[in-house]
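Novice: Those protein sequences? They're chains A and B, same order as listed.
Heads up, the first sequence is in our numbering, so the first residue is 1 and it goes up one at a time.
Heads up, the second sequence is in our numbering, so the first residue is 1001 and it goes up one at a time.
Yeah, the Cβ is synthetic: ideal placement off N, Cα and C, and Gly gets one too.
Below is a structure I'd like to ask you about.
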Amino acid sequence: GIQVEQSPPDLILQEGANSTLRCNFSDSVNNLQWFHQNPWGQLINLFYIPSGTKQNGRLSATTVATERYSLLYISSSQTTDSGVYFCAVEGTGGTSYGKLTFGQGTILTVHP
Amino acid sequence: SAVISQKPSRDICQRGTSLTIQCQVDSQVTMMFWYRQQPGQSLTLIATANQGSEATYESGFVIDKFPISRPNLTFSTLTVSNMSPEDSSIYLCSVEGEREYNEQFFGPGTRLTVL
Chain A
1 GIQVEQSPPD LILQEGANST LRCNFSDSVN NLQWFHQNPW GQLINLFYIP SGTKQNGRLS
61 ATTVATERYS LLYISSSQTT DSGVYFCAVE GTGGTSYGKL TFGQGTILTV HP
Chain B
1001 SAVISQKPSR DICQRGTSLT IQCQVDSQVT MMFWYRQQPG QSLTLIATAN QGSEATYESG
1061 FVIDKFPISR PNLTFSTLTV SNMSPEDSSI YLCSVEGERE YNEQFFGPGT RLTVL
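Structure (structure tokens):
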């Protein structure tokens, strides 16, 4: 099946700093999503981005499908950005429909 | 996006018992998905549940351990049977949104501890 690797595994920032999280995947994808899991376990949808670039406030994401990677940018980080960031993909094979494969996540800690 | 609720939100159970987790959506959806997140780990798909057909299980998950029901287009249950401490996890259901191809949205999760 498709493999998803996220880097870095851990990231510690001071409030106000910028950061870039990376997601590499091993095969073509129909779907790529970025999620933020808050301390209570809730998964928050950040971006649906199988290709191209999107921005939402201080967050933006870029997926280069031909090179099989996606980047999540967080600018002017805040303590509320702390949590785990997951990248998840759906492969293009017929048996992959609807099945999201998650990376191992990046644990982000933002200190005041 | 759809509003998804899960019951219970958390539970502590004794080994050897079973727990049924409910997932309710406020709109009709074709596909519902069940995931497991073990402590400190990522999410793993357990099965896909379509209304009117048997659930499709991923490698490593079997129906006897994780029976799933999907009686209608807004509801599904996942049962964790004959539990052991290794079943302690967060269990999440997800559904496809209406706007983008297979964009998935997740319920709040059920945090299960097995003693």
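(1) What do you reckon, are the CB atoms on W34 of chain A and C87 of chain A nearer than 8 Å?
(2) Out of B:Q1014, B:G1107 and B:V1114, which one is the CA nearest neighbour of Q37 of chain A?
(3) Is it right to say P50 of chain A is buried, meaning 16 or more other beta carbons lie within 10 angstroms of its own, or is it exposed?
(4) Could you name the residues of the same chain whose beta carbon sits closer than 8 Å to that of T1074 of chain B, not counting the 5 residues immediately before and after it, in chain order?
(5) What is the rounded straight-line gap between the Cα of I1090 of chain B and the Cα of E1058 of chain B?
(6) In its own chain, which residues sit with a C-beta less than 7 Å from the C-beta of T1048 of chain B, not counting the 5 before and 5 after it?
(7) According to DSSP, what are the bridge partners of K1007 of chain B?
(8) By the criterion of Cβ-Cβ separation under 9 Å, what are the contact partners of Q1006 of chain B in chain A?
(9) Quick check on G103 of chain A - is its C-beta less than 8 Å from some C-beta in chain B?
(10) Taking 8 Å as the threshold (beta carbon to beta carbon), is K54 of chain A in contact with chain B?
Specialist: Result, derived from the coordinates:
(1) Yes. Within cutoff.
(2) Comparing Cα positions, the closest option is B:G1107.
(3) buried
(4) Q1024, V1025, D1026, S1027, Q1028 and V1029
(5) Cα atoms of I1090 of chain B and E1058 of chain B: separation of roughly 17 Å, rounded to the nearest angstrom.
(6) Non-local C-beta neighbours of T1048 of chain B in its own chain, meaning closer than 7 Å and more than five positions away in sequence, comprise M1031, F1033, A1055 and T1056, ordered along the chain.
(7) B:Q1022
(8) The contacting residues do not exist; Q1006 of chain B stays about 11 Å from chain A at best.
(9) yes
(10) no
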